[in-house]
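**Student:** Below: one structure in structure tokens.
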Amino acid sequence: MAIPHPRDIQVAVVDWLDERYPFTKAVDEALYQRVPNFANAFYYCFGGMVFILIVFQLLTGVLLAMYYIPDATGNPAPAYNSVLFIQNDVYLGWLIRGVHFWSANLLIIMVLLHMARVYWTGSYRAPRELNWIVGVLMLLIVLFLSLTGYLLPWDTKAYFATEVTIKIAGSAPPAWLGAAIREVLQGGPVVGPPTLQRFFTLHVFVLPAVIVLLMYVHFRFIRAHGISEPL
Amino acid sequence: MSEKEINKEGPGATVAAPKEVQIIELDGHGGHTLEPEWKRLPIGPDHILYSVVVGLALFPILMGDAGHHLADDMPDEDTHPFFPDHFWPYPIIAVVMLIAVGLLSAFVQKNLQLETSADPRATTIPRPDWYFLFLFQFLKLGPELIMSLVIPPVVVGAFLLFPFIDAIAGPRLAHRLGWKSWPVPGRNIITGTIFVLALVYIAFLTLWALAGPEFCLPYFTGPVCGA
Numbered sequence: 001m002a003i004p005h006p007r008d009i010q011v012a013v014v015d016w017l018d019e020r021y022p023f024t025k026a027v028d029e030a031l032y033q034r035v036p037n038f039a040n041a042f043y044y045c046f047g048g049m050v051f052i053l054i055v056f057q058l059l060t061g062v063l064l065a066m067y068y069i070p071d072a073t074g075n076p077a078p079a080y081n082s083v084l085f086i087q088n089d090v091y092l093g094w095l096i097r098g099v100h101f102w103s104a105n106l107l108i109i110m111v112l113l114h115m116a117r118v119y120w121t122g123s124y125r126a127p128r129e130l131n132w133i134v135g136v137l138m139l140l141i142v143l144f145l146s147l148t149g150y151l152l153p154w155d156t157k158a159y160f161a162t163e164v165t166i167k168i169a170g171s172a173p174p175a176w177l178g179a180a181i182r183e184v185l186q187g188g189p190v191v192g193p194p195t196l197q198r199f200f201t202l203h204v205f206v207l208p209a210v211i212v213l214l215m216y217v218h219f220r221f222i223r224a225h226g227i228s229e230p231l
Numbered sequence: 001m002s003e004k005e006i007n008k009e010g011p012g013a014t015v016a017a018p019k020e021v022q023i024i025e026l027d028g029h030g031g032h033t034l035e036p037e038w039k040r041l042p043i044g045p046d047h048i049l050y051s052v053v054v055g056l057a058l059f060p061i062l063m064g065d066a067g068h069h070l071a072d073d074m075p076d077e078d079t080h081p082f083f084p085d086h087f088w089p090y091p092i093i094a095v096v097m098l099i100a101v102g103l104l105s106a107f108v109q110k111n112l113q114l115e116t117s118a119d120p121r122a123t124t125i126p127r128p129d130w131y132f133l134f135l136f137q138f139l140k141l142g143p144e145l146i147m148s149l150v151i152p153p154v155v156v157g158a159f160l161l162f163p164f165i166d167a168i169a170g171p172r173l174a175h176r177l178g179w180k181s182w183p184v185p186g187r188n189i190i191t192g193t194i195f196v197l198a199l200v201y202i203a204f205l206t207l208w209a210l211a212g213p214e215f216c217l218p219y220f221t222g223p224v225c226g227a
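Protein sequences, first through last, are from chains Z and V. The letter at position 7 of the first sequence is residue 7 when you use the numbering used here, and the numbering goes up by one with no holes. The letter at position 214 of the second sequence is residue 214 when you use the numbering used here, and the numbering goes up by one with no holes.
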């Protein structure tokens, strides 16, 4: 039996896959869509930089979650100790935590620059209004991610910053509504271990999932609209 | 059972009485009485915003009009495929950014240092991260309820619906108001002015807060200081 040429194997595999789902067509559409040349201007890259930073955040976040303990009972709390452990003992833990921290700061700057570019080139105008709304929602989620992530080290400044935030949210009138908001965010009469669990859940499971979904919607919209011409 | 033994665990745990916190010089530059001139800048090289300021200053200088006429054979009205012609800079940008955040985490670890483990009975005036400073400062400028739960949601709502506001409050509105002509074709000077003024106001509030608790400005209700 003759040994088949590698290219024939490749063709056979791709054909087999294409009979089940139009993979080749999907990849072609994704990779080879035409982009206008004016989109080479440097200010069109901020959105891509935001995407790259979110990927950094997801990767370093997974690594941090392997050592982080979302437990605030006791003093010093296991959560606090686990962050110290990541920072001081885990191999390259300081680097992973540092990249997570600095990427988060850079992310907010890049989101704002991207937004400024969208505003400047008038890319929010018809027919792109819905994509602007998706973008603003993602900006809010990035801010909520920063807010929830700030509490996780469970040190003094994180604790009191969160306490102030919850107090403001809980001062909503009427009184029963404010109390309900505070109860939901706090999980008890004061900021304590249940609060950390809730913020951890939001920071690690809920908000990243939502932002990844919205990013997909954002990109589908861009593909549908094409890149807007500068004014 | 003495009071100290009652509560050693849990968020309300007794810890050694909050020690007199030594005031460490903000720039971490103890020991020197004479400081170099550059240390007196409001945002010195060890400030969290320093890299941002330098980056923002350098970016347009380094980039200039880069990319706009990257290649003579790429006229503006033509197109190129997404992969690889449009895609190739991004892996390079990713590596550059990874190196940048890696260097920041290696050399600016001060911002990552933890304070003591949370103790609900400590008395600390929290100062939020830089991107919430403007909101923090804004809260001081009026009744708390209005400044925290009325104005910000309204602003966020207006921001979400900005494309529609922009479409309505533009030439269409000017026509109805009986303007003879529109000064800047393609731009909306009404919403644009509001947008830019809002950004300037946010920047102003942030700088006000950054200037510190000793920096106070007169206000209707008396002097208001930074954070």
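Even for Gly, the Cβ is constructed at its ideal location relative to N, Cα and C.
Can you list, in chain order, the residues of its chain whose CB lies under 8 Å from that of LEU202(Z), leaving out five sequence neighbours each side?
**Tutor:** PHE144 and THR148
**Student:** May I ask you to report which of helix, strand or coil DSSP gives SER117(V)?
**Tutor:** SER117(V) sits in a strand when the DSSP states are folded into three classes.
**Student:** Run through DSSP, which three-state label would THR123(V) get?
**Tutor:** Residue state, collapsed to three classes: coil.
**Student:** Name, in chain order, the residues that DSSP records as bridge partners for CYS216(V).
**Tutor:** CYS225(V)
**Student:** Quick check on the DSSP output: the alpha helix (DSSP H) that includes PRO230(Z) runs from which residue to which?
**Tutor:** Element bounds for PRO230(Z): n/a, residue is neither H nor E.
**Student:** Given this structure, state the Cα-to-Cα distance separating LYS25(Z) from ILE227(Z), to the nearest angstrom.
**Tutor:** 22 Å
**Student:** Is it true that the segment 119-131 of chain V meets the segment 120-130 of chain Z, where meeting means three or more beta-carbon pairs spaced less than 8 Å apart?
**Tutor:** no
**Student:** Should ASP119(V) be labelled buried (16 or more other beta-carbon atoms within 10 Å of its own) or exposed?
**Tutor:** buried
**Student:** On a Cα-Cα basis, can you pick out the residue from PRO174(Z), GLY61(Z), CYS45(Z) and VAL134(Z) that is closest to GLY157(V)?
**Tutor:** VAL134(Z)
**Student:** Take ASP129(V) as the anchor and find which of VAL27(Z), PHE160(Z), VAL184(Z) and ILE69(Z) has the nearest alpha-carbon.
**Tutor:** PHE160(Z)
**Student:** Can you list, in chain order, the residues of its chain with a C-beta nearer than 7 Å to that of SER148(V)? Leave out the 5 residues immediately preceding and following it.
**Tutor:** LEU139
**Student:** Pull out every residue of the segment 190-218 of chain V whose Cβ sits closer than 9 Å to any Cβ of chain Z, in chain order.
**Tutor:** GLY192, PHE195 and LEU199
**Student:** Using the beta-carbon count (16 or more within 10 Å), is PHE220(V) buried or exposed?
**Tutor:** A residue is called buried when at least 16 other Cβ atoms come within 10 angstroms of its Cβ; PHE220(V) does not meet this threshold and is exposed.
**Student:** From the DSSP output, which residues share a beta bridge with ARG34(Z)?
**Tutor:** PRO81(V)
**Student:** Using a Cβ distance threshold of 8 Å, determine whether the segment 48-64 of chain Z contacts the segment 90-100 of chain Z, with at least three qualifying pairs required.
**Tutor:** With contact defined as three or more Cβ pairs closer than 8 Å, the segment 48-64 of chain Z and the segment 90-100 of chain Z are in contact.
**Student:** Quick check on DSSP: helix, strand or coil for ASP155(Z)?
**Tutor:** strand
**Student:** Identify which residue in ILE69(Z), PHE51(Z), ARG20(Z) and VAL90(Z) has its Cα closest to the Cα of PRO208(Z).
**Tutor:** PHE51(Z)
**Student:** Which runs of the beta strand (DSSP E), 3 residues or longer, sit entirely within the segment 62-143 of chain Z?
**Tutor:** Counting only runs of 3+ residues, no beta strand (DSSP E) is found wholly inside the segment 62-143 of chain Z.
**Student:** Taking only three categories from DSSP, how would you classify ASP129(V)?
**Tutor:** In the structure shown, the three-state DSSP call for ASP129(V) is coil.
**Student:** Quick test of your reading: LEU113(Z) and PHE46(Z), contact by CB under 8 Å. State the CB separation rounded to the nearest angstrom.
**Tutor:** 5 Å
**Student:** Would you mind sorting VAL53(V) into buried or exposed? The rule is 16 or more other CB atoms within 10 Å of its CB.
**Tutor:** exposed
**Student:** Assign MET1(Z) to one of three DSSP states: helix, strand, or coil.
**Tutor:** coil
**Student:** Determine, using beta carbons only, whether LEU173(V) comes closer than 8 Å to chain Z.
**Tutor:** At a cut-off of 8 Å between C-beta atoms, LEU173(V) does not count as an interface residue with respect to chain Z.
**Student:** Considering just the uninterrupted stretch of the alpha helix (DSSP H) at TYR43(Z), what are its terminal residues?
**Tutor:** Looking at the DSSP string, TYR43(Z) is not in any alpha helix (DSSP H), and its letter there is neither H nor E.
**Student:** Helix, strand or coil for GLN10(Z)? Go by DSSP, reduced to three states.
**Tutor:** helix
**Student:** If I measure Cβ to Cβ from SER171(Z) and keep anything under 7 Å in the same chain, skipping five residues before and after, which residues do I get?
**Tutor:** GLY178
**Student:** Which term fits TRP132(Z), buried or exposed, when burial requires 16 or more other beta carbons within 10 angstroms of its beta carbon?
**Tutor:** By the neighbour-count definition (other C-beta atoms within 10 Å, threshold 16), TRP132(Z) is a buried residue.
**Student:** Which chain V residues are close to ASP155(Z), counting only those with a beta carbon under 7 Å from its beta carbon?
**Tutor:** LEU114, GLU115, THR116, SER117 and ALA118
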